[in-house]
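Residue 71 is where the sequence shown starts when you use full-length UniProt numbering, and the numbers rise one by one after that.
Glycine is no exception: its CB is placed at the ideal position from the N, C-alpha and C atoms.
Small disclaimer: the values here were computed from a predicted structure and weren't measured.
Accompanying notes for the structure given below.
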Amino acid sequence: RRQIRNVCCIGAGYVGGPTAAMIALHNPHIRVTVVDRDEKRIRAWNSRHLPIHEPGLSDVVRAARDGLRPGVDGTGHFDASIEETTTRAPNLFFSTACAETIAEADVVMISVNTPTKRQGQGAGRATDMTAFEGATRDVATHSRRGCIIVEKSTVPCKTGQLIKNITQQHRPELDFPILSNPEFLSEGTAIKDLMRPDRVIIGCESTPSGIAAAEALADLYASWVPQERIVTNNIWSAELCKLTANAMLAQRISSINSISAICERTGADVGEIAKSIGLDRRIGPQFLKAGLGFGGSCFRKDIASLTYLAESLGLPEVAAYWEQVLTMNNYQRDRFALNVIAKLNNSLRGKKITILGYAFKKDTGDARESPALDVIRMLLEEGPKSIAIFDPLCSEADIRYELSALPAADAQDVVKVCADPYEACEDSSAVLVLTDWDMFKMQPRSAPVKAQPVDSPVIASFSPSTPADLLHLPQRSKEKPPTIVKDTVAVGTLPEEIIARLQPQADCETGCEE
Ligand code: NAI
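Following this line, the structure appears as structure tokens:
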């Protein structure tokens with residue numbers, strides 16, 4: 071068995087940081103160093119304020135980076151609620167010294183960003199491999215003999231060959247084992263997903279060195295992942311299974327959203343349908359919530375990459391099949407925004423619109439690829455007086471960066487990012503709840519919060535409404551109750567008695583998920 075002592079992870083992002091921290095936590099005898107060119111990000115990883123928000127992440131980082139022994143439950147699993155006791159030697163490091171760290175590593179995991187290409191051949195669909203190629207060149211230049219190169223980023227099928235070509239250009243005398251080890255964590259639940267993954271996929275070449283490398287990587291995971299969940303594939307299958315998994319998950323959301331459009335025309339209830347079909351064990355209940363459609367940095371780009379791959383392989387029908395998942399996703403957002411505009415008498419002039427929740431889903435501060443941006447784009451075309459956004463985690467800087475991609479020249483002036491949900495809702499004509507943050511939901515068993523009389527705001531919510539979904543903002547103080555709370559609305563899915571209590575213009579349809 072190959073002994074691994076030093077792991078280098080290139081890319082200190084949403085995947086690299088948490089994954090490296092988890093490997094370090096469970097392998098105290100191994101030194102894990104995460105490197106990134108972005109000094110600010112590395113400084114944050116070395117501070118008390120980590121650059122990304124994930125429930126449980128800071129406990130894992132403190133344990134591995136600062137040497138605090140974590141609480142561990144009876145089965146050996148890390149449990150933040152169990153008191154930390156003695157110290158352990160720190161074995162997780164964050165650094166900008168890329169070349170030096172690569173040179174010492176037995177394993178290099180490449181976890182850099184692989185966004186969609188913005189220009190040139192395949193723009194809008196093909197994967198932009200600039201960062202991945204750059205990182206691969208660094209590895210090819212600085213790594214030592216026999217270093218295992220692991221693709222952790224999501225990449226097109228056959229990227230292993232690209233790595234091989236690059237390493238052979240730089241070090242023709244050496245043969246580096248190459249593995250594909252795609253990451254399946256979801257933002258918002260990254261630590262939970264990493265702690266108990268459904269599976270760990272390791273793709274390798276079927277050569278003795280490829281198989282030995284796969285075993286060595288499997289050993290790192292076996293410190294906390296049951297053996298039967300560590301699955302070895304051929305390298306091309308491992309690469310393609312990540313794109314396939316994301317395409318299938320996104321397809322479920324588009325499928326249920328297509329049904330939600332039929333529901334709104336017929337009086338069928340998409341929530342009831344999702345529940346009914348989800349009870350079929352062959353279908354299952356996950357990813358069946360109708361809403362604004364999927365967002366986040368992965369689904370759209372990975373399906374785009376899949377369609378581009380299919381087309382480059384001369385399979386236009388396959389490309390068209392998956393393209394439709396994206397078409398349905400865009401359609402759903404457009405429908406939502408148009409419905410809001412229609413409910414406001416087809417004019418937003420002089421009106422303020424509030425958006426509660428910017429992140430593409432709860433428990434993440436990641437502002438990339440948010441469905442909210444598409445909604446804002448359409449609302450801006452109607453010339454509203456202002457759009458006020460409140461999100462509990464997304465930073466104003468990140469939201470403003472995203473807004474800079476909008477065509478409206480005055481987007482930055484019209485949109486205000488508020489630190490307070492009540493301020494965001496003040497004098498608003500419509501309140502759109504676009505992220506399923508718990509703070510916007512009715513707490514179980516708490517009484518509905520009484521609204522102060524306001525000018526019949528339209529409240530459009532992320533989920534088809536039931537009385538239990540009544541919008542709830544946490545009360546600031548007894549003296550100042552929330553100013554905007556009314557019934558959430560979802561035309562065609564609400565019981566009659568609730569619709570009867572709504573203001574005439576206050577009806578609107580479903581919103582978002584994922
Ligand atoms: P990210 O953008 O948060 O982080 C990537 C980091 O890599 C950045 O900090 C960047 O500065 C750094 N970087 C780029 N080139 C570098 C180089 N040559 N040397 C050193 N550092 C370099 O990206 P994220 O979200 O962590 O995604 C990484 C990969 O994982 C992508 O391929 C993505 O598709 C995949 N993935 C992402 C998931 C997510 O939920 N965000 C889930 C599963 C996979």
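Residue pairing for G273: DSSP places it in a beta bridge opposite S250, N303. Contact fails between the stretch 358–375 and the stretch 201–216, because fewer than three Cβ pairs, one in each stretch, are under 8 Å apart. Per DSSP, the continuous beta strand (DSSP E) segment holding A458 begins and ends at 456–460.
Between T197 and the set Y378, P242, K345, I122, the nearest pair of CA atoms involves Y378. By a beta-carbon distance limit of 8 Å, I261 does not contact G366. Their separation comes to about 17 Å. The continuous stretches of beta strand (DSSP E) do not include V340, which lies in the alpha helix (DSSP H) extending over residues 340–348.
Judged by DSSP secondary structure, K110 falls within the alpha helix (DSSP H) whose first and last residues are 109–115. Segment contact: the stretch 236–246 against the stretch 386–396, fewer than three CB-CB distances shorter than 8 Å; contact not assigned. Using a cutoff of 7 Å, the CB of S165 does not count as near the ligand NAI, since none of the ligand's heavy atoms is closer than that. Using a cutoff of 7 Å, the CB of Y84 counts as near the ligand NAI, since one of the ligand's heavy atoms is closer than that. In this structure, P477 and M509 do not form a Cβ contact; the two beta carbons are roughly 32 Å apart against a cut-off of 8 Å. Between the alpha carbons of Q189 and K228 lies a gap of roughly 22 Å. Between A331 and V340, the alpha-carbon positions lie close to 9 Å from each other.
Within the same chain, I326, P355, L358, K359, A360 come within 8 Å of A344 by CB-CB distance, once the 5 residues on both sides are set aside. With distances taken between CA atoms, K413 lies nearest to L449 out of Y428, A90, K432, L449.
The stretch 480–487 and the stretch 402–420 do not touch, with fewer than 3 CB-CB distances between them shorter than 8 Å.
If you look at N76, you'll find it isn't in any alpha helix (DSSP H); it sits in the beta strand (DSSP E) that goes 76–80.
A distance below 8 Å separates the beta carbons of G258 and D433.
Note that the stretch 108–122 does not touch the stretch 284–302; fewer than 3 beta-carbon pairs, one per stretch, sit closer than 8 Å. Across the set P252, I305, A283, the C-alpha of P252 shows the shortest separation from the C-alpha of T224. Of the residues K486, P226, E334, A82, the one whose Cα lies closest to the Cα of S382 is P226.
In the DSSP secondary-structure assignment, L138 is bridged to T157. Taking a cut-off of 8 Å on C-beta distances, the stretch 158–175 does not touch the stretch 297–306, as fewer than three cross pairs fall below it. Comparing C-alpha distances from A167 to each of R135, K187, A82, D268 shows the shortest one belongs to A82. Taking the Cα positions, A201 is about 13 Å away from V105. Per DSSP, F163 is one residue of the beta strand (DSSP E) stretching across 162–165. C-alpha of D268 to C-alpha of I353: approximately 17 Å in a straight line. Between V301 and V270, the alpha-carbon positions lie close to 6 Å from each other. Fully enclosed beta strand (DSSP E) runs of no fewer than 3 residues occupy 177–180, 218–221, 248–250 of the stretch 174–261, in order along the chain.
Cα atoms of L502 and D350: separation of roughly 33 Å, rounded to the nearest angstrom. Beta-carbon to beta-carbon, N76 and E174 are separated by about 5 Å, close enough to satisfy the 8 Å threshold. Taken atom to atom, the span from the alpha-carbon of L376 to that of N316 is near 10 Å. DSSP places L376 within a helical segment (H, G or I) once states are collapsed to three. For N183, the CB contacts under 6 Å within the same chain, skipping 5 residues up- and downstream, are A201 in chain order.
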